[in-house]
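Participant: First the structure, then my questions, so here it is.
There are 2 protein chains.
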Amino acid sequence: MRANYKMQRLFVADDLASGAAFDADPQQSHYLAHVLRLGEGAEVLLFNGRDGEWSARIAGKTKKAVRLEVLEIQRPQPVHPDLVYCFAPLKVGRLDYLVQKAVEMGAGTMVPVITQHTQMKPGIDRLRANAVEAAEQCGILAIPEVREAVKLEQLLAGWDKERRLIFCDEDASTNNPMATLRSIQERKLALLVGPEGGFSDDERRMLRALPFVTAIPLGPRILRADTAAVAALAVIQATIGDW
Amino acid sequence: MRANYKMQRLFVADDLASGAAFDADPQQSHYLAHVLRLGEGAEVLLFNGRDGEWSARIAGKTKKAVRLEVLEIQRPQPVHPDLVYCFAPLKVGRLDYLVQKAVEMGAGTMVPVITQHTQMKPGIDRLRANAVEAAEQCGILAIPEVREAVKLEQLLAGWDKERRLIFCDEDASTNNPMATLRSIQERKLALLVGPEGGFSDDERRMLRALPFVTAIPLGPRILRADTAAVAALAVIQATIGDW
Numbered sequence: 005m006r007a008n009y010k011m012q013r014l015f016v017a018d019d020l021a022s023g024a025a026f027d028a029d030p031q032q033s034h035y036l037a038h039v040l041r042l043g044e045g046a047e048v049l050l051f052n053g054r055d056g057e058w059s060a061r062i063a064g065k066t067k068k069a070v071r072l073e074v075l076e077i078q079r080p081q082p083v084h085p086d087l088v089y090c091f092a093p094l095k096v097g098r099l100d101y102l103v104q105k106a107v108e109m110g111a112g113t114m115v116p117v118i119t120q121h122t123q124m125k126p127g128i129d130r131l132r133a134n135a136v137e138a139a140e141q142c143g144i145l146a147i148p149e150v151r152e153a154v155k156l157e158q159l160l161a162g163w164d165k166e167r168r169l170i171f172c173d174e175d176a177s178t179n180n181p182m183a184t185l186r187s188i189q190e191r192k193l194a195l196l197v198g199p200e201g202g203f204s205d206d207e208r209r210m211l212r213a214l215p216f217v218t219a220i221p222l223g224p225r226i227l228r229a230d231t232a233a234v235a236a237l238a239v240i241q242a243t244i245g246d247w
Numbered sequence: 005m006r007a008n009y010k011m012q013r014l015f016v017a018d019d020l021a022s023g024a025a026f027d028a029d030p031q032q033s034h035y036l037a038h039v040l041r042l043g044e045g046a047e048v049l050l051f052n053g054r055d056g057e058w059s060a061r062i063a064g065k066t067k068k069a070v071r072l073e074v075l076e077i078q079r080p081q082p083v084h085p086d087l088v089y090c091f092a093p094l095k096v097g098r099l100d101y102l103v104q105k106a107v108e109m110g111a112g113t114m115v116p117v118i119t120q121h122t123q124m125k126p127g128i129d130r131l132r133a134n135a136v137e138a139a140e141q142c143g144i145l146a147i148p149e150v151r152e153a154v155k156l157e158q159l160l161a162g163w164d165k166e167r168r169l170i171f172c173d174e175d176a177s178t179n180n181p182m183a184t185l186r187s188i189q190e191r192k193l194a195l196l197v198g199p200e201g202g203f204s205d206d207e208r209r210m211l212r213a214l215p216f217v218t219a220i221p222l223g224p225r226i227l228r229a230d231t232a233a234v235a236a237l238a239v240i241q242a243t244i245g246d247w
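One line per chain: the protein sequences are A and B, in this order.
The opening position of the first sequence corresponds to residue 5 in this note's numbering, with each subsequent residue numbered one higher.
The opening position of the second sequence corresponds to residue 5 in this note's numbering, with each subsequent residue numbered one higher.
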């Protein structure tokens, strides 16, 4: 919500340090040279998910590439968010949105989870590209790790018992997510959001029976999965997260 | 998040009562007859924002229209949500989304607000259509009222002093929105979300100086306006709203 969209932010693979210089990749070079039409000397912001955010200047342009020269660090690399966000993939359009929002809301790791009602298997590359794009656009320096998709049973079988798994359950026994969240002892948290069709009854029974799982309600209305994701992340971050 | 997307829900203008019968409008008739290919006797759900949700059956089909016969009430009309949602219009795509999400999150009234950094003036009809579509898709029976757009100054000048206006301020003096929200006395609430570029410094000063305004932070990350809307609505609903 802040007007810092002025200077172009680019995610790069290269290491960032004062004086470092490299060519932007072909896509970014095209964007800088022909879409933004930035000339030599123009400044941009660079981040790589490791070295913080740096100012850089366009040091030269060839037909093939735009040369970037790293200037000064603007923001140090933050601690990588610990929050693990497990989600059943949605249809592509909504999935792009869901990933983008999860990045904005501070998810550190994203795990696509295949459930009984899951509609599709996600393209991991597309998820990663969405995560990078969201970070570029929203001034976020930590790029979430996007894991390979797993079946719900696998996810739960291999779960780290010291990480509390919060799942959004329209039939949760409480109607107060705050009190439930505040009662959580674990510092390590994960959120599980089901597919558009919701979890199956079997899945909900299985989840509720697990000692490391906490079910929270998300109000009286039926939320679409992508809305539920943002709502749950907001409530978690504001109650026991990094807000 | 529940699998109740099976039976088609339609918003209709007509009064709903047992035995009532009427033709679906041309667009809905086309959708029922030629997209869903529903035959005579097929059942749908109808709501009009006044009479609750009713089952209905396709009583007949002509070239021009699908005739609907109202059967039984399924859910009574809920109390209309009191929450007033004031928002600076965004670019069309994101605006559609923002309206849809606000409906899901329980906004009762929507007020487009023109601020210094607002990009565009919204088409009210499109906003209303989005609100109806979101209600149709998400099982919501109360269609939010969509007001005409107003300038921020006008909105504040005519404000009901008994309604607390919560606004998302990245520079709020606290980092704990929960405590701030719990300290609110008023039962009547409104949320104000700024444009993509945020509020201007003048606007923030003006808002902070008003006795009926409460500023809340939305965490350490910069949220896009449409994300901030869902996040703020979630935190408000969960803390002092209708969850």
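We treat Cβ as the ideally placed atom computed from N, Cα and C, and that holds for glycine.
Fair warning: this is a prediction, and the values are worked out from it, not measured in the lab.
1) Does the CB of L102 (chain B) have a neighbour CB from chain A at under 9 Å?
2) I need the straight-line Cα distance from G201 (chain B) to E174 (chain B), nearest angstrom please.
3) Can you pull the chain B neighbours of D246 (chain A), defined as C-beta to C-beta under 8 Å?
4) Return the first residue and the last residue of the beta strand (DSSP E) that S59 (chain B) is part of.
5) Taking the Cβ atom as the reference point for each residue, do V327 (chain B) and I147 (chain B) lie within a distance shorter than 9 Å?
6) If you draw a straight line from the alpha carbon of A182 (chain B) to that of E140 (chain A), how long is it in whole angstroms?
7) Check whether the stretch 217-228 of chain A touches the stretch 15-32 of chain B, taking contact to mean three or more Cβ pairs, one atom from each stretch, closer than 8 Å.
8) What are the start and end residues of each continuous alpha helix (DSSP H) run of 4 or more residues lying completely inside the stretch 135-203 of chain B, in chain order?
9) Which partner residues of E73 (chain B) appear in the DSSP bridge assignment?
10) Between T66 (chain B) and chain A, is there a C-beta pair that is closer than 9 Å?
11) For R209 (chain B) and A176 (chain B), I'd like the C-alpha separation in whole angstroms.
12) Is N8 (chain A) buried or exposed, if buried means 16 or more other CB atoms sit within 10 Å of its CB?
13) Along the chain, where does the beta strand (DSSP E) containing E47 (chain B) start, and where does it finish?
14) Based on the DSSP output, what are the partners of P116 (chain A) in its beta bridges?
15) So, does the stretch 26-39 of chain B touch the stretch 126-139 of chain A, judging by three or more C-beta pairs under 8 Å?
16) When you compare the CB positions of G223 (chain B) and G245 (chain A), do they come within less than 9 Å of one another, or not?
17) Compare the C-beta of Y9 (chain A) with all C-beta atoms of chain B and state if any pair is closer than 9 Å.
18) Confirm, please, whether the CB-CB distance from V70 (chain B) to I77 (chain B) is below 9 Å.
19) Going along the chain, which residues of its own chain have a beta-carbon closer than 7 Å to the beta-carbon of A37 (chain B), five neighbours each way excluded?
20) Assign A153 (chain A) to buried or exposed, taking buried as 16 or more other Cβ atoms, counted over all protein chains shown, within 10 Å of its Cβ.
21) Taking 9 Å as the cut-off, decide whether the C-beta atoms of L185 (chain B) and L196 (chain B) are in contact.
Facilitator: Walking through what the data contain:
1) By 1-based counting over the second sequence, the position of residue 102 (chain B) is 98. Not one chain A Cβ lies under 9 Å of L102 (chain B).
2) Position 197 of the second sequence, counted from the first residue, corresponds to residue 201 (chain B). Position 170 of the second sequence, counted from the first residue, corresponds to residue 174 (chain B). One Cα belongs to G201 (chain B), the other to E174 (chain B), and the distance between them is close to 12 Å.
3) For this step, residue 246 (chain A) is matched to residue 242 along the first sequence. What D246 (chain A) touches in chain B, judged by beta-carbon distance under 8 Å, is G223, P224, going in chain order.
4) Locating residue 59 (chain B) in the second sequence gives position 55, counting from the first residue. Per DSSP, S59 (chain B) belongs to the beta strand (DSSP E) from 57-65.
5) Since the first and last residues shown for chain B are 5 and 247, residue 327 (chain B) lies out of range.
6) The residue labelled residue 182 (chain B) in the question sits at position 178 within the second sequence. The residue labelled residue 140 (chain A) in the question sits at position 136 within the first sequence. Note on identity: in this sequence residue 182 (chain B) is Met, with Ala being the wrong assignment. Inter-residue distance for M182 (chain B) and E140 (chain A) is about 29 Å (C-alpha atoms, whole angstroms).
7) Contact between the stretch 217-228 of chain A and the stretch 15-32 of chain B is absent: fewer than 3 CB-CB pairs across the two stretches fall below 8 Å.
8) With a minimum length of 4 residues, the continuous alpha helix (DSSP H) runs that stay inside the stretch 135-203 of chain B are 156-161, 181-186.
9) To locate residue 73 (chain B), count along the second sequence from 1; it is residue 69. Bridge partners of E73 (chain B) according to DSSP: B:A25, B:R61.
10) Taking the second sequence and counting its residues from 1, one reaches residue 66 (chain B) at position 62. Taking Cβ atoms only, chain A never reaches closer than 9 Å to T66 (chain B), which makes this a no.
11) On the second sequence, residue 209 (chain B) is found 205 positions in, with the first residue counted as 1. On the second sequence, residue 176 (chain B) is found 172 positions in, with the first residue counted as 1. Distance between R209 (chain B) and A176 (chain B), taken at the CA atoms: about 11 Å.
12) Taking the first sequence and counting its residues from 1, one reaches residue 8 (chain A) at position 4. For N8 (chain A), the pLDDT reaches just 43, beneath the cut-off of 50, and the residue's location in the model is therefore unreliable, leaving the point undetermined.
13) Against the second sequence, residue 47 (chain B) aligns to sequence position 43. Looking at the DSSP string, the run of the beta strand (DSSP E) that includes E47 (chain B) is 47-51.
14) Locating residue 116 (chain A) in the first sequence gives position 112, where the first residue counts as 1. Looking at the DSSP assignment, P116 (chain A) forms a beta bridge with A:F91.
15) In short, these stretches do not touch, since the Cβ pair count stays below three.
16) Taking the second sequence and counting its residues from 1, the one referred to as residue 223 (chain B) is at position 219. Taking the first sequence and counting its residues from 1, the one referred to as residue 245 (chain A) is at position 241. Yes. Within cutoff.
17) By one-based count along the first sequence, residue 9 (chain A) stands at place 5. At Y9 (chain A), the pLDDT of 47 sits below 50, so the modelled position is not reliable and the matter cannot be decided from this model.
18) If you number the second sequence from 1, residue 77 (chain B) lands on position 73. If you number the second sequence from 1, residue 70 (chain B) lands on position 66. Annotated as distal: I77 (chain B) and V70 (chain B), with beta-carbon spacing of 9 Å or more.
19) Taking the first residue of the second sequence as position 1, residue 37 (chain B) is located at position 33. Cβ neighbours of A37 (chain B) beyond the five flanking positions: K65, V70.
20) Mapped onto the first sequence, residue 153 (chain A) falls at position 149. A residue is called buried once 16 or more other Cβ atoms fall within 10 Å of its Cβ, and A153 (chain A) is buried on that count.
21) The residue labelled residue 185 (chain B) in the question sits at position 181 within the second sequence. The residue labelled residue 196 (chain B) in the question sits at position 192 within the second sequence. Between L185 (chain B) and L196 (chain B), the gap from beta carbon to beta carbon reaches 9 Å or more.
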